[in-house]
Structures are given as structure tokens and as C-alpha cells.
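First up is the structure itself, then whatever we jot down about it.
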Amino acid sequence: MKKNKLKNKTIYNITKLKLQVMDKINETTELKQKELLEKDDEIKKLQREYQQELIKLRADNLRINKCSTSLNYVIKIHGLCKIVKISFHKKEVICYLSFDKHIRFLDWNAWNIKTIKARITLFKGHKQEVTSIKYGSDGLESNILSGSSDFSVCLWDIRTNKIINISTGHKATSYDIEYSPFVNIVCYASYDHTICFWSTKMNNQEHCINTSKNKDNGIKCIKFIRSKNNDCIKTSTLNRKLAFFFNSLCHTDFIINKINKICKLLQKVNKYN
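Following UniProt numbering, the numbering of the sequence shown begins with 1 at its first residue and continues without gaps.
Structure follows, in C-alpha cells:
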């Protein structure tokens with residue numbers, strides 16, 4: 001009897017030990033499976049992030065290719081005609097001038113990858129090459145100003161591609177154009193040494209000032225600089241000389257007093273029209 005009891009007890013202990021071992025094995029297996037699943041999730045997450053980065057890189061590469069191809073397209077268009085100036089009108093729109101008398105707006109938003117073409121808006125009106133352009137601001141975003149070797153300055157409506165108004169105050173090429181701090185008054189400089197003020201509301205309201213009697217190469221650029229006390233017009237000539245004109249009543253220079261009178265006169269004209 002004692003032997004049987006001892007045998008049964010031994011069998012019981014062995015069975016219990018086997019069950020414990022099996023439980024331990026199952027627990028270890030579950031932990032390993034859990035770890036594998038977690039690692040698998042991490043790998044999938046990394047794959048997703050990699051794919052997202054790859055998509056971004058492809059999109060950036062597409063934009064670069066688009067830009068490169070668009071510039072090549074412009075160069076091909078003007079293979080026999082010199083480009084004078086290129087500038088951004090908006091983030092996706094390039095404006096460029098050439099010696100074929102036209103202004104062109106190239107819109108990347110309308111880019112066609114299959115045909116490698118972009119929508120180009122053409123502005124026709126000048127009789128000779130376009131030399132300068134200025135974009136409107138402060139309520140004049142739909143307008144652009146352009147100067148040309150045909151001695152004219154044109155005000156355009158970019159929605160219709162047509163000329164709204166035209167000024168012919170110069171006797172030589174209009175090199176640069178600038179919007180003055182005064183509403184609807186444009187200032188432009190020329191090879192003929194003159195600075196002209198033009199009210200875009202009234203076609204006949206043009207006032208020009210001869211800035212120099214010297215035989216230099218005319219005025220190349222002009223810029224309004226806002227200051228606390230005065231509105232300053234800064235000009236540069238082709239012979240590398242710089243001239244500064246201040247719009248101030250206390251200044252004794254004849255030219256500056258004349259500029260002040262012209263601006264006041266054009267302001268009055270704008271108020272009554």
C-alpha cells in the first residue's frame with residue numbers, strides 16, 4: 001500500500017511539474033509572439049513613413065522638373081529673340097519681357113506634363129521692345145505698367161490683356177516705372193533725362209521735369225523711398241552718377257519744388273475725377 005501511495009504521489013508531482021513547464025512554455029511563446037507583433041508594427045510604421053517621405057521627394061522632384069522644363073520651354077520659344085527681363089508676378093506666375101515687343105505671363109498652375117506646355121498670356125500693344133514693367137498694389141493688383149523703346153508707358157488690365165491708358169510724355173526710351181506714394185500717380189524715367197509724373201485717371205495729365213543739361217546717358221532707374229519727414233525719389237543715371245530728389249516744401253532746389261507742385265496738382269485732379 002505504501003508503495004502504491006508513493007508511486008501515485010510521484011506520478012502526481014511529475015504531472016504537476018509537466019503542467020507548470022507547459023504553462024511556462026505557453027507564457028514564453030505568447031510573450032515572443034507579442035514582441036514579434038510589436039516589432040512588425042514598428043516595421044510597418046517605418047515603411048509608411050518611408051513611403052510618405054518618398055512621395056514628398058517625388059512631389060518636390062516633380063516641381064523641380066516642372067520649373068526646369070518650363071524655363072527650357074521659354075528659352076525654346078525665344079530661341080531667336082533676346083529676353084530683356086524675367087520676374088515673378090505671383091508664386092506660380094512668371095512675367096518676362098523680350099525684344100519682340102510683347103509681354104508674356106507664364107502660369108505654372110496650368111502646366112501640362114504630357115505636352116510639356118504651360119499657359120502663356122500674351123500682351124500686345126507696344127511698337128518696339130518692352131524695357132520695364134511694374135506690378136500694381138494697394139487695390140491695383142489687376143493692373144500692370146510697362147515702358148518701351150517706343151517712348152510710351154502703358155497701363156494694362158491683366159484680366160482682359162488690354163491697354164487701359166497710355167502715356168507718351170517722353171522723347172526717348174522709358175527705362176523704369178514706379179508707383180508714387182500718391183494714389184493713381186505714376187512716375188517714370190527716361191533716356192532723355194526727364195522724370196515724368198502721370199495721372200492714370202486722366203490721360204492728358206502729364207508733367208515732365210528735365211533733371212540734367214549734361215550730355216550723359218539718361219536716367220536708368222527711379223525709386224520712391226518713404227521716410228518720416230519726406231518722400232524721397234532716388235534716381236540713377238547710366239554714367240553711374242546718383243541724384244536724390246526730396247519732395248519737401250523747405251527745399252530750395254527748383255526741380256524739387258516743381259516735383260512738389262506737380263504731385264499736389266495731380267492729387268487735386270484725382271479728387272475731382
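Glycine included, C-beta positions come from ideal geometry on N, C-alpha and C.
CB contact flag (residue i, residue j, <9 angstroms)
| i | j | result |
| --- | --- | --- |
| SER152 | LYS127 | yes |
| residue 275 | THR121 | In the structure displayed, the chain extends from 1 to 273; residue 275 sits before or after that span and is not available. |
| THR173 | SER142 | no |
| THR194 | ILE177 | no |
| HIS207 | CYS196 | yes |
| SER132 | TYR175 | yes |
| ILE219 | SER190 | yes |
Secondary structure of residue i, DSSP reduced to three states
| i | result |
| --- | --- |
| ASN210 | strand |
| LYS101 | coil |
| LYS34 | helix |
| ASN8 | helix |
Cβ neighbours of residue i in the same chain (closer than 7 angstroms, five flanking residues each side left out)
| i | result |
| --- | --- |
| LYS124 | HIS102 |
Spatial neighbours of residue i in its chain, beta-carbon cut-off 6 angstroms, leaving aside the 5 residues before and after
| i | result |
| --- | --- |
| GLY136 | ASN143 |
| HIS251 | Unreliable positioning characterises HIS251 in this predicted model, as indicated by a pLDDT of 34, which lies under 50. A coordinate reading is not provided. |
8 angstroms Cβ shell around residue i - same chain, five flanking residues per side excluded
| i | result |
| --- | --- |
| GLU129 | VAL84, LEU97, SER98, PHE99, ASP100, LYS101, SER148, SER149 |
Inset, instruction - Any chance you could list the beta strand (DSSP E) runs of at least 3 consecutive residues sitting entirely within the stretch 113-201, in chain order? - result: Taken in chain order, the complete beta strand (DSSP E) segments of 3 or more residues contained in the stretch 113-201 are 117-123, 130-135, 143-148, 153-157, 162-167, 174-179, 185-190, 194-199.
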